[in-house]
Amino acid sequence: MTLVHLSRRDWLKLSAAGVSAVSLSGWLKVLASRTAETPAKHKSCILLWMDGGPSHKDTFDLKPGTKDGGEFKPISTVVPGIQISEHFPKFAQVMNHAAILRGMSTSEGAHPRAKYYLHTGYKEGQGGLNYPSLGSLVSAEIGKPDGPMPNYVSIGARSYGAGFLGAYHAPLIVTDPARGVENLKPMVNGSHFNDRLGLLQEMESAFYREYKAEASADHRTTYQRAVTLMQSKEARAFDLSLEPASSRQAYGSSRFGEGCLLARRLVEAGVSFVEVTLGGWDTHQNNFERVKQLSQQCDPAMAALVNDLKQRGLLDSTLIVWMGEFGRTPRLNQRGAKPGRDHYPRAWSSILIGGGIKGGQVIGKTDKEGATVIERPISALDFLATVCELLGINWKKQNNTPIGRPIRIVDKGATPIKELLS
Amino acid sequence: MIRRTILALPLAWLILGNATPVIGTPLDAPPLARHIDEALDTCLRAEKVTPSPRCDDAEFVRRVYLDITGHIPSAEKAAAFIDDRTPNKRAKLIDELLASREYGKHQADIWQSLLLQRTSDNRFISFDRMTEWLEKGFNANKPWDQMVRDILTAEGDLEKNGAVTYFLANLTPDKLTDNATRVFLGVQLQCAQCHNHPFTKWKQDEYWGMAAFFTKVRLNGNPRQAAREGGTLSISENGRGRPIRLPVSAKRVPPKFLQGEQPKLTSSDAYRPVLARWMTSPQNPYFSRAMVNRLWAQFFGRGLVNPIDDMHEGNPPSHPQLLAELSAQFAASGFDIKQLIRALCNSDAYQRTSKPSAGNPDAAPELFSRMAIKVLTPEQLYDSLVQVLGVPNPENFRRRPGVAAAARFRNLTPRMLFVAFFKGEENAEPTEYQAGIPQVLRLMNSPQLNNTAMLVPLLKSGKTPEQIVEHLYLATLSRRPTDQELQRTLALVRKQANEPRQAYGDILWVLLNSSEFTLNH
Numbered sequence: 001m002t003l004v005h006l007s008r009r010d011w012l013k014l015s016a017a018g019v020s021a022v023s024l025s026g027w028l029k030v031l032a033s034r035t036a037e038t039p040a041k042h043k044s045c046i047l048l049w050m051d052g053g054p055s056h057k058d059t060f061d062l063k064p065g066t067k068d069g070g071e072f073k074p075i076s077t078v079v080p081g082i083q084i085s086e087h088f089p090k091f092a093q094v095m096n097h098a099a100i101l102r103g104m105s106t107s108e109g110a111h112p113r114a115k116y117y118l119h120t121g122y123k124e125g126q127g128g129l130n131y132p133s134l135g136s137l138v139s140a141e142i143g144k145p146d147g148p149m150p151n152y153v154s155i156g157a158r159s160y161g162a163g164f165l166g167a168y169h170a171p172l173i174v175t176d177p178a179r180g181v182e183n184l185k186p187m188v189n190g191s192h193f194n195d196r197l198g199l200l201q202e203m204e205s206a207f208y209r210e211y212k213a214e215a216s217a218d219h220r221t222t223y224q225r226a227v228t229l230m231q232s233k234e235a236r237a238f239d240l241s242l243e244p245a246s247s248r249q250a251y252g253s254s255r256f257g258e259g260c261l262l263a264r265r266l267v268e269a270g271v272s273f274v275e276v277t278l279g280g281w282d283t284h285q286n287n288f289e290r291v292k293q294l295s296q297q298c299d300p301a302m303a304a305l306v307n308d309l310k311q312r313g314l315l316d317s318t319l320i321v322w323m324g325e326f327g328r329t330p331r332l333n334q335r336g337a338k339p340g341r342d343h344y345p346r347a348w349s350s351i352l353i354g355g356g357i358k359g360g361q362v363i364g365k366t367d368k369e370g371a372t373v374i375e376r377p378i379s380a381l382d383f384l385a386t387v388c389e390l391l392g393i394n395w396k397k398q399n400n401t402p403i404g405r406p407i408r409i410v411d412k413g414a415t416p417i418k419e420l421l422s
Numbered sequence: 001m002i003r004r005t006i007l008a009l010p011l012a013w014l015i016l017g018n019a020t021p022v023i024g025t026p027l028d029a030p031p032l033a034r035h036i037d038e039a040l041d042t043c044l045r046a047e048k049v050t051p052s053p054r055c056d057d058a059e060f061v062r063r064v065y066l067d068i069t070g071h072i073p074s075a076e077k078a079a080a081f082i083d084d085r086t087p088n089k090r091a092k093l094i095d096e097l098l099a100s101r102e103y104g105k106h107q108a109d110i111w112q113s114l115l116l117q118r119t120s121d122n123r124f125i126s127f128d129r130m131t132e133w134l135e136k137g138f139n140a141n142k143p144w145d146q147m148v149r150d151i152l153t154a155e156g157d158l159e160k161n162g163a164v165t166y167f168l169a170n171l172t173p174d175k176l177t178d179n180a181t182r183v184f185l186g187v188q189l190q191c192a193q194c195h196n197h198p199f200t201k202w203k204q205d206e207y208w209g210m211a212a213f214f215t216k217v218r219l220n221g222n223p224r225q226a227a228r229e230g231g232t233l234s235i236s237e238n239g240r241g242r243p244i245r246l247p248v249s250a251k252r253v254p255p256k257f258l259q260g261e262q263p264k265l266t267s268s269d270a271y272r273p274v275l276a277r278w279m280t281s282p283q284n285p286y287f288s289r290a291m292v293n294r295l296w297a298q299f300f301g302r303g304l305v306n307p308i309d310d311m312h313e314g315n316p317p318s319h320p321q322l323l324a325e326l327s328a329q330f331a332a333s334g335f336d337i338k339q340l341i342r343a344l345c346n347s348d349a350y351q352r353t354s355k356p357s358a359g360n361p362d363a364a365p366e367l368f369s370r371m372a373i374k375v376l377t378p379e380q381l382y383d384s385l386v387q388v389l390g391v392p393n394p395e396n397f398r399r400r401p402g403v404a405a406a407a408r409f410r411n412l413t414p415r416m417l418f419v420a421f422f423k424g425e426e427n428a429e430p431t432e433y434q435a436g437i438p439q440v441l442r443l444m445n446s447p448q449l450n451n452t453a454m455l456v457p458l459l460k461s462g463k464t465p466e467q468i469v470e471h472l473y474l475a476t477l478s479r480r481p482t483d484q485e486l487q488r489t490l491a492l493v494r495k496q497a498n499e500p501r502q503a504y505g506d507i508l509w510v511l512l513n514s515s516e517f518t519l520n521h
């Protein structure tokens, strides 16, 4: 009998079978040794979320020499024929692992609604439901149900939650990568904390013996998961100070760079989905200076992430997604002192890297001003179905809401991008 | 053949089991409570299940405080109640709590989250006015039909009428239809927005027939501007105005009551008052039952129809006759909410222990043979923690990263942030434990939850160690420790004799992190 894929209800039976009689710390050791036996074969995903909507024309779909083409020059990458912005020189060196999707075309042009849509694949408020985000879906589909680590970690922002899938698949939020998980350390020293846990365990057992409450069993499971995380060696993945200075340097000194480094450490430790947010792409004003500065934060971090994963043999099993909620207008606005670009969902770019895709390609094409997709348009549903397929998730599967409404992981009408599959 | 006959009957009959409510003279709370017990006992006998015995006073005082006021009692109140020798002290406490201000506050918490869901579309709208409005209404025991009519027809300035928040927060006809039918009528119509409902008779036309009643509502003012620079927001329904544009997928049909007639309306009529009158009529087969079922679930942990707001022919009530009678009684009492709660809380069924006994170890929960064990809602948990630890220092709270800016924006309080952090899945059963690792880490390891300032006066009070431990148990679990617990905790105190604050801090930590604290048993 394997103890790894236990549901919460199974834990209840287990507790009833007498496992609860073992002291908390002893019990935890049982859990830890059993979970260690399972090989981690599933894929992972790192979502680099470019909050605010990056200007496609100033990053990965340059239109030099056209009207409002912008200030940046294209540079060549290691893949002949593919050019990107001059402010991504390091990423240009790993382009052979990446596919740029230049035909993104979606329908939501306001930040919150567009973010919701691209995270969940459903329009906010549609059918009166609260939909799970990609991270929660990945957690539910391919996450380890009872490992010490959470399956969905969001770094730098709260992101979107588990919706009707429930709190079990909600993200663990790391506000500042340098500080790690909030409240991960006890307020008293280790042995003192164990004394507290021992007394708590006695109380829990006594209460459960009398009341036989499922909620009490679930409460204990969650506490055990949290304590396992606190005491696990995997939780050291959250501690960036353990990383040698040389490898930290490659990611750049930005908070986003630290976030990407943390993402790598978490994937190594078995976390299924990590989202790292880089905000500030809402460049209505002073577009070029700001996009340049953001690109310079993004470039070393992305390249180092790809290189590190490759070096560790994890790039094929880790899909990196770079995207925001939309692109920006092909035309420059002159409202402010320095030109800016406004929201533009009709045509934009995203990037997929690693995860077993066929790299070194560009899929889709916009017209000469970057205003309309003229080749291989990709909808939000196509995109999410592609990500799921690459992660080995059956995106046509239906999840049931608590009242039994069947909701597909990705709604009808999606066609995955076949060109990516190698 | 039989099947066909059933399908030909009115839908209301199918859902509700029996006839439409008969309005008679309403019963007082005590006979109504007896009525509840007779109905439940009949089923228990038929199923050969012996219910659990009456709960002890400690279990009762904690339960009834949480259910009516939304927080646990103080150590002093719990002890006073347990030691009180008055024979009808439970009935007296129920009355006392229903008359307290916190009753309305707790109901307002429940209804605010049912009526207003935070989405990006309403992120500039403060919900505070609605909470105040609800609290006032519940505390005044405004009849439920009147309260719902006031919500559905709310007009005017937000600052003068908190109920207009309902429209500010649900500004499109489809959102209003989803919410009003689910919350006030207990039916899930939203599937029929896009297609005919798969397992009920609700057709897409019926959805949009209901939605049509909300097509003349207008927002006056700009929420974003009002939030940043001040300014008024108001709601109006202009009878003469052209109906607003519906989503592309909408069916264009005239206003029509759910499973009912198409009222005669002229283009200059206001639509909402017509809908509100139909919805809240004592003859409406859904209205009274939806509220009875919701209140039942609030106190018993599951509805007579469960899930509570999904009443359709495929989801019949566990006790059809009882639901029909309670609904008729509720309507006959003039939709008197406190009266119904008084009856529920005075029933034997409500006062059973939640412990299983020899006669019902595996009894189905819908038999109500023992009290369901409910998980404290985030609001109940916060208010109970405050009850024990005192109000958190706002300075600590403001220093947390990312909080200050957000807090300024919508005037967020520590309570709102705590609730948002602990909020589980929207439709979860009240008996389901929802917290995940981040929530538990905060409970175990945050400075706020490890704050032992409440121990300082206790340690100076001259109380013996036994009395201090007893106080901690009463303050958190509303009961005295068992002998075994007392011996165990006193040993811990002796072990750290030089550090009494630390020792009692350990005990407090364990009590606050126990499932007994986080459950309403």
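Residue numbers (my numbering), protein chains in the order written: chain A, 1 to 422; chain B, 1 to 521. Backbone N, C-alpha and C fix where the C-beta goes; we use that ideal spot for every residue, glycine too.
Span separating the alpha-carbon of residue i from that of residue j
i	j	result
B:LEU27	B:GLN329	7 Å
A:SER191	A:LEU184	16 Å
A:PRO64	A:ILE173	40 Å
B:TRP208	B:ARG277	19 Å
A:TYR122	A:CYS388	15 Å
B:VAL253	B:LYS175	17 Å
B:LEU492	A:GLU182	29 Å
B:ARG228	B:GLY221	13 Å
B:SER236	B:VAL419	32 Å
B:SER318	B:LEU304	5 Å
B:LEU7	B:GLU313	Residue confidence is low: B:LEU7 scores 31 on pLDDT, short of 50, so the model does not pin down where it sits. Its coordinate-derived value is still stated next. Computed Cα separation, rounded: 10 Å.
A:MET187	A:LEU309	35 Å
A:ASP299	A:VAL306	11 Å
B:ILE125	A:LEU62	40 Å
B:LEU474	B:SER514	14 Å
B:ALA404	B:SER347	Any reading at B:ALA404 must be qualified, since the residue scores a pLDDT of 43, below 50, and its modelled position is unreliable; the value itself is stated next. Computed Cα separation, rounded: 47 Å.
B:LEU512	A:GLN93	54 Å
Within chain A, partners of residue i - CB distance below 7 Å
i	result
B:ASP57	Result: empty, since nearest Cβ-Cβ is about 17 Å, beyond 7 Å.
B:THR119	GLU124 and GLY125
B:LYS355	GLU210 and TYR211
B:GLN225	Going along chain A, no residue has its Cβ under 7 Å from B:GLN225, so there is no contact; the nearest lies around 16 Å.
B:GLU313	Ordered by position in chain A, no residue passes the 7 Å Cβ test against B:GLU313, which lies about 14 Å from the chain.
Residue i: contacting residues in chain A (beta-carbon distance under 9 Å)
i	result
B:ALA491	What B:ALA491 touches in chain A: nothing, since even the nearest Cβ is about 10 Å away.
B:LYS441	Per the sequence shown, the amino acid found at residue 441 of chain B is Leu instead of Lys. Those within 9 Å of B:LEU441 in chain A are LEU172, VAL181, GLU182, ASN183, LEU184, ALA226, LEU229 and MET230.
B:SER478	Chain A residues near B:SER478: none, gap ~14 Å exceeds 9 Å.
Per-residue burial, residue i [other beta carbons within 10 Å of its own, 16 or more giving buried]
i	result
B:VAL148	buried
B:ASP532	The structure shown does not extend to residue 532 of chain B, since chain B spans only 1 to 521, so no value can be given for it.
A:GLY370	buried
B:ARG85	exposed
A:LYS43	buried
A:SER107	exposed
B:PRO457	exposed
B:GLU499	exposed
A:SER133	buried
Proximal residues of chain B, C-beta to C-beta of residue i below 7 Å
i	result
A:ILE173	PRO438
Proximal residues of chain A, C-beta to C-beta of residue i below 8 Å
i	result
B:GLY209	Going along chain A, no residue has its Cβ under 8 Å from B:GLY209, so there is no contact; the nearest lies around 17 Å.
- prompt: Which residues, in order along the segment 207 to 226 of chain A, keep a beta-carbon less than 9 Å from a beta-carbon of chain B?
  reply: Contacts with chain B (Cβ-Cβ distance below 9 Å) from the segment 207 to 226 of chain A involve PHE207, TYR208, GLU210, TYR211, LYS212, ALA213, GLU214, ALA215, SER216, ALA217, ASP218, HIS219, ARG220, THR221, THR222, TYR223, ARG225 and ALA226, listed in chain order.
Subject >> Residues in the segment 152 to 178 of chain B having any Cβ partner in chain A nearer than 7 Å >> reply: LYS175 and ASP178
Checklist line | Residues within the segment 63 to 85 of chain B neighbouring chain A, beta-carbon criterion of under 8 Å | finding: Correct list: empty, as no residue qualifies.
Residues of the segment 370 to 389 of chain B with a CB closer than 7 Å to any CB of chain A: list them in chain order, please. ILE373 and VAL375
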